[in-house]
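Residue numbers (the numbering used here), protein chains in the order written: chain A, 51 to 295; chain B, 3 to 263. We put the CB at the ideal spot given by N, CA and C, even for glycine.
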Amino acid sequence: MAKIVLNHVSVSYIVGDFSTVGLKDVIIQKIKGTYSEKEFTAVKDVSFELEEGELLGIIGANGAGKSTLLKVISGIMRPTQGTMDVQGSIASLLELGTGFDGDLTVKENTFLRGAMLGYTREFMNETYHDIISFAELEEFEDRLFSHLSSGMKSRLAFSIACLVNPDILILDEVLSVGDGAFRKKSEQKMLEIIHGGTTTLLVSHSLEQIRRMATKVLWLDRGEQIAFGETNEICNQYEKFLNGK
Amino acid sequence: MGLVKKWALQLKKHQFLFEELVKRDFKKKYKRTILGMLWSLLSPMMQLLIMSIVFTHFFGRDKPHYTIYLFAGNLTYSFFRDSTYGGMSSLMSNAGIITKINLPKYMFLLSKNVASLINFGLTLIIFLIFVAVDGIAFSFKFLLLLYPIFWMIIFNIGCGFILSALFVIFKDIQYLYDIFTLMLMYLSAIFYYTDTYSEHVQKLFYLNPLYVYITYIREIIIDNMIPDMMTHGLCALYAILALTVGALIYKKYNYKFLYYM
Chain A
51 MAKIVLNHVS
61 VSYIVGDFST
71 VGLKDVIIQK
81 IKGTYSEKEF
91 TAVKDVSFEL
101 EEGELLGIIG
111 ANGAGKSTLL
121 KVISGIMRPT
131 QGTMDVQGSI
141 ASLLELGTGF
151 DGDLTVKENT
161 FLRGAMLGYT
171 REFMNETYHD
181 IISFAELEEF
191 EDRLFSHLSS
201 GMKSRLAFSI
211 ACLVNPDILI
221 LDEVLSVGDG
231 AFRKKSEQKM
241 LEIIHGGTTT
251 LLVSHSLEQI
261 RRMATKVLWL
271 DRGEQIAFGE
281 TNEICNQYEK
291 FLNGK
Chain B
3 MGLVKKWALQ
13 LKKHQFLFEE
23 LVKRDFKKKY
33 KRTILGMLWS
43 LLSPMMQLLI
53 MSIVFTHFFG
63 RDKPHYTIYL
73 FAGNLTYSFF
83 RDSTYGGMSS
93 LMSNAGIITK
103 INLPKYMFLL
113 SKNVASLINF
123 GLTLIIFLIF
133 VAVDGIAFSF
143 KFLLLLYPIF
153 WMIIFNIGCG
163 FILSALFVIF
173 KDIQYLYDIF
183 TLMLMYLSAI
193 FYYTDTYSEH
203 VQKLFYLNPL
213 YVYITYIREI
223 IIDNMIPDMM
233 THGLCALYAI
243 LALTVGALIY
253 KKYNYKFLYY
263 M
């Protein structure tokens, strides 16, 4: 039973040049009085409802707040305003290779990832072979992860996220990986999952893919919700908007 | 305390993840080799050897069981250093995971600490061998060593919480901490005796948690006596203090770490 309800959700970030800031910089800035933190609202007033087994396509330009919205839904960030109700276990399909460890073997990484997604050892023991054979990595089981090609890495990431049967699956621009044959296979798998009742959130820049797979579409622009509704209707609007630019 | 209980429950729920993380950190630390493990033991041993030569031959320390005295200090200090350095980077080195999957963040710190604890355990065995070789008879009092070790684990975890949070926000904390640990080493009476100082100054040493843990171990092993109540109390106090501060920081910043990663 997976259901996602968002009610006027807004999310703010604190922004600044944090990645390079050290304690001494902050102290100097505080003394000089130039220290400032800015708040940036990445998602403004988004509302929608998804039933079990639906696939929501999220579209919009870069920086529209798509990934932030996914972070809120997966519980990593909290909405600054509005309420949210998400029921069910969540599997996020991460960007290529993140969270995998190059120094561990394919097998070890598979178990680690399974554990991160919240599954038990028994479950992973049972599913491990399906995952590896779906990813077509049987011969690479004991290879170090860093020795895989990028296509293989994403195949593994995809296979783990999909074969563990989550209630909610989050896909952030990851379906367009792998070669043509694998892409076809993965889309088929996706459809299978959706028919099995998993609620899916898909961020993609491929409108064609969204049209083919999504049951609902959410269009974001600079954090604001432009539209939410039936796939074809919104996709047509979005296309018109893109052509008009 | 309610927070700790909640975390213990969560830990049970995430047991599989915890085990996998421990395995990962262990494999990475020792690079899958026996030599890797030996190497991590060799480094404190070499340190001990150097210190023991320098201080017995050049500075003429000739009190009984000086090597054991030195070892007890170095053992504790190395455990603290190893554990907190690992702890400090535990959030940042897992940033890729933390920013994508909703997991309890302290798991990454705890798994790092398990690896340090194993290392400490191995060094402790060598320490006890040294004790036996040095002609100190084992007594039942040695079992009391579990008391400061328990609180040291808690203390290290608490410091790891604080440091890892600071490291997320201030990237230069690493360099400051280098200097801090160096200072701490000189302040912990690892290679010198405090009885040459006035009683007043001797009391000041107890403000240093590491000194308290070291003293506890030395009194048990070398003096064959049970430390006084104050030492017992301080062992627990510092640990609880560090853990409480660390836990509160994690609780407060749980959703904010993300902005800085």
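| Query | Result |
| --- | --- |
| Beta-carbon spacing of residue 61 of chain A, residue 129 of chain A below 8 Å | yes |
| Residue 278 of chain A at chain B interface by Cβ criterion, 8 Å | no |
| Residues of the segment 161-190 of chain B whose Cβ lies closer than 7 Å to any Cβ of chain A, in chain order | 172, 173, 174, 175, 178 |
| Distance, residue 186 of chain A Cα to residue 145 of chain B Cα | 54 Å |
| Cβ-Cβ distance between residue 109 of chain B and residue 20 of chain B below 8 Å | yes |
| Nearest-angstrom Cβ-Cβ length linking residue 78 of chain B and residue 161 of chain B, presumed shorter than 8 Å | With 8 Å as the limit, residue 78 of chain B and residue 161 of chain B do not qualify as a contact, their Cβ atoms being about 13 Å apart. |
| Paired residues, beta bridge with residue 269 of chain A - DSSP | A/109, A/277 |
| Integer-rounded CB distance, given that residue 215 of chain B should sit under 8 Å from residue 150 of chain B | 5 Å |
| CB contact check: residue 261 of chain B to chain A, cutoff 8 Å | yes |
| Touch test, the segment 256-270 of chain A against the segment 280-289 of chain A, Cβ-Cβ under 8 Å, three pairs minimum | yes |
| Residues bridged to residue 131 of chain A [DSSP beta-bridge criterion] | A/60 |
| Cβ neighbour criterion (16 or more within 10 Å) applied to residue 240 of chain A | buried |
| Close-in-space but distant-in-sequence residues of the same chain around residue 223 of chain A (CB under 8 Å, 5 per side omitted) | 145, 253, 254, 255 |
| Inter-stretch contact at 8 Å, needing at least 3 Cβ pairs: the segment 221-230 of chain B / the segment 193-203 of chain B | no |
| Straight-line gap, residue 181 of chain A to residue 192 of chain A (C-alpha atoms, nearest Å) | 14 Å |
| Sequence-distant residues of its chain with Cβ nearer than 6 Å to residue 142 of chain A (five each side left out) | 124, 220 |
| Proximity below 8 Å, CB of residue 244 of chain B to CB of residue 127 of chain B | no |
| Residue 64 of chain A and residue 101 of chain A closer than 8 Å at C-beta | no |
| Nearest-angstrom Cβ-Cβ length linking residue 94 of chain A and residue 273 of chain A, presumed shorter than 8 Å | 5 Å |
| Closer than 8 Å to chain A by CB, residue 105 of chain B | yes |
| Reference residue 131 of chain A; option with closest CA among A/206, A/57, A/53 | A/57 |
| Contact between the segment 131-146 of chain B and the segment 66-80 of chain B (3+ Cβ pairs under 8 Å) | yes |
| Rounded C-alpha distance that separates residue 199 of chain B from residue 107 of chain B | 44 Å |
| Proximal chain A residues relative to residue 199 of chain B, where beta-carbon distance stays under 9 Å | The contacting residues do not exist; residue 199 of chain B stays about 33 Å from chain A at best. |
| Rounded Cβ spacing between residue 240 of chain B and residue 211 of chain B (contact assumed at less than 8 Å) | 4 Å |
| Cβ neighbour criterion (16 or more within 10 Å) applied to residue 125 of chain B | buried |
| Positions along the segment 111-139 of chain A whose CB lies within less than 7 Å of some CB in chain B | 124, 125, 126, 127, 128 |
| Chain A within 8 Å of residue 101 of chain B, Cβ atoms only | yes |
| Coil, strand or helix - residue 178 of chain B by DSSP | helix |
| Spatial distance of residue 179 of chain A from residue 16 of chain B (CA atoms) | 23 Å |
| Limits of the unbroken beta strand (DSSP E) element including residue 207 of chain A | Taken as a continuous stretch (DSSP letters only), residue 207 of chain A belongs to no beta strand (DSSP E), being part of the alpha helix (DSSP H) at 200-213. |
| Members of the segment 152-163 of chain A near chain B, C-beta cut-off 8 Å | 153, 154, 158, 161, 162 |
| Enclosing alpha helix (DSSP H) for residue 113 of chain B [first to last residue] | 108-135 |
| Simplified DSSP assignment, three categories, for residue 180 of chain A | helix |
| Contact under 8 Å by Cβ, residue 257 of chain A with residue 288 of chain A | yes |
| Cβ of residue 19 of chain B within 8 Å of any chain A Cβ | yes |
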